[in-house]
Amino acid sequence: MRNEILKASSKQWIVFSYGSNSRPQLRARCQNEKLQTWPAYVEDYTRVFSLEAVHWGGGGVASLCPCEGVVTKGSIVRLSDEEKLRLDQFEDGYREIKLNVYERIQGEESVKRHEASVYIAGTSAMNQQLFTPKMNAGPSEAYLTAIHLHLRSHWENSAEEPIDIRSSASPEEALTHWYHPGVDSLKTLEALCVEVNALRKIPWTMPAATQRFTSDLNRILGVYSVQEVSTLLAPADSDTSSLDMLRESSNDDFWDEDAFNALKLLRIHRIFVYGSLMTGLANHHILDGNKARLIRESVQTRDSNFYLISAGNYPFALSSSSSVVLKEKTSALRGQLFAVDTNVLESQLDPLESHPHFYLRSRCDVIQDDEDLGSAWIYLLNDPKTISTIVENPTCFPRVADTPGDWRAYV
């Protein structure tokens, strides 16, 4: 009977999204993996945060509030009756209103106006004083990441723009601004899950998947940070990722090949480079273009237990903790910090460095001035024959002594 009613009243719904309802999220919620979305905006309304969403980490979630002169970007989707009903189930605590929205026509300098359905936080009874409830708690990193993903997939340059944190109590002024730190620098596994989901061919249903993703990593692998995931995803001392344990421990297909392929596409690996891979030097082309993201231009290792040796066109770095003792004093290494995906790390950088035979990929802590930047991969000389030559015949491989640890200054 229900299907007959739907068929009889079949129409196309235009829904404007401005929060976490990105294309992947809508595809999962509406159960249509081919669903398409288009960039659109609304005038004289600003994005604010309201209510509290337990499944998004307990923080506020997006709403709209009247604010003259403000343009809020998002996207529109065209839904069937059935798909609209499915989406409604995820908008608990929201009411639906109609607003004029403007679709940007791809490839043209024009827009098309639509009357669209828009979900606004708060029921009519809740909003006797305010258009939408004021913010009680700031949004979680995972939720902000979901908004960022939504905007950057529809609007050029949005990846570098901040998300303003506003409340309906004073919508004209942003309380603070949030910038996406890069996948490698996300603080929570829930936010990492959002990024993984965006690259899946068949998206998980959000935000429920963030809880499963985080719980499994905590419980099965004892992993609590993004950089711990990086280490397990591309272990330096094994050909097998420890993440395979997730698949073996699951009773369903949550940890399917789609999940692992998505993880490998993320620039989750920080790599500290101190030689020819730095910008402007011989091997930087491996990290050029879209292959890597430069995190910091000038950084150094926290530890000062390294020797830097010239091999002519590139340097060797040795750690005094590897039982190598030279006459020269050790120092910190100076270089640059990049983020790369697993494919670049294992298919291009590891072969370049002949890991694990000639160089060994290991971990080091990185700082910039007094700021702790966490851990990163580093390639250190590991070939016994070359190390022996360095120790026994120091004239063959000059020490970088005048500019300790700084290859760029040396060359």
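Mapped onto this note's numbering, the consecutive letters of the sequence shown carry residue numbers 1 to 411. Every residue, glycine too, gets a C-beta built ideally from N, C-alpha and C.
Leaving aside the five residues before and after residue i along the sequence, list all residues of the same chain whose C-beta is less than 6 Å from its C-beta, in chain order.
i, result
"S17", "G74, S75"
"I286", "Q348"
"L87", "R29, C30"
"S167", "V48, K134, M135"
"G207", "The sequence given here has Pro at residue 207, not Gly. Closer than 6 Å at Cβ, skipping near neighbours: H55, W56."
Less than 8 Å between the CB atoms is what I'm expecting for residue i and residue j, so what's the real figure, rounded?
i, j, result
"V77", "L149", "Their Cβ separation, rounded to whole angstroms, is 15 Å, which puts V77 and L149 out of contact at 8 Å."
"R296", "D184", "The Cβ separation is near 11 Å, so there is no contact."
"L277", "H284", "6 Å"
"S310", "P398", "5 Å"
"I120", "Y102", "The Cβ separation is near 18 Å, so there is no contact."
With DSSP collapsed to three states, give me the class of residue i.
i, result
"V183", "helix"
"V415", "Only positions 1 to 411 of the chain appear in the structure, and residue 415 is not among them; the question remains open."
"V344", "helix"
"V400", "coil"
"L380", "strand"
"R267", "coil"
"Q368", "strand"
"R302", "coil"
"N100", "strand"
"F260", "helix"
"I309", "strand"
"Y410", "helix"
"W13", "strand"
"I286", "helix"
"S158", "helix"
"F272", "strand"
"Q106", "coil"
"R361", "strand"
Exposed or buried, residue i, counting other C-beta atoms within 10 Å across all chains shown (16 or more means buried)?
i, result
"G280", "exposed"
"Q31", "exposed"
"P171", "buried"
"C418", "Limits of the chain in this structure are 1 at one end and 411 at the other, which puts residue 418 out of reach."
"H154", "buried"
"S9", "Because the pLDDT at S9 is just 47, under 50, the model does not fix this residue reliably, and the value given afterwards should be weighed accordingly. With fewer than 16 other Cβ atoms within 10 Å, it is exposed."
"G312", "exposed"
"Q227", "buried"
"N290", "exposed"
"Q336", "buried"
"S331", "buried"
"R219", "exposed"
"R361", "buried"
"G405", "buried"
"A282", "exposed"
"N21", "buried"
"S448", "Lying before the first or after the last residue shown, residue 448 is absent from the chain, which here runs from 1 to 411."
"P66", "exposed"
"Y224", "exposed"
"K34", "exposed"
"H355", "buried"
Below 8 Å CB to CB, which residues in the same chain sit around residue i once its five sequence neighbours on both sides are set aside?
i, result
"T145", "H180, L186, A191, V194, E195"
"C12", "Strictly speaking, residue 12 in this sequence is Gln, with Cys absent from that position. Same-chain partners within the cutoff: R78, L79, S80."
"G59", "F49, E52, A53, A137, G138, P139, S140, Y143"
Can you grab the Cα-Cα spacing for the pair residue i / residue j, in whole Å?
i, j, result
"A262", "H357", "29 Å"
"L333", "V71", "47 Å"
"L243", "T342", "13 Å"
"K134", "D350", "51 Å"
"V400", "L380", "15 Å"
"V345", "D288", "For the sequence presented, residue 345 should be read as Leu rather than Val. Roughly 13 Å separates the two Cα atoms."
"Y410", "L246", "46 Å"
"I367", "V299", "6 Å"
"T210", "I165", "22 Å"
"E52", "G275", "48 Å"
"L232", "R363", "12 Å"
"E115", "W38", "15 Å"
"A198", "R408", "38 Å"
"D383", "Y359", "7 Å"
"G69", "D44", "5 Å"
"Y307", "E248", "42 Å"
"Q36", "D253", "25 Å"
Within the same chain, show all residues whose beta-carbon is closer than 7 Å to that of residue i, passing over the 5 residues directly before and after it, in chain order.
i, result
"L6", "At L6, the pLDDT of 42 sits below 50, so the modelled position is not reliable and the matter cannot be decided from this model."
"L130", "S168"
"L352", "N283, I286"
Is the CB of residue i under 8 Å away from at least one CB in chain C?
i, result
"S215", "No chain C is part of this structure, which consists of one protein chain only."
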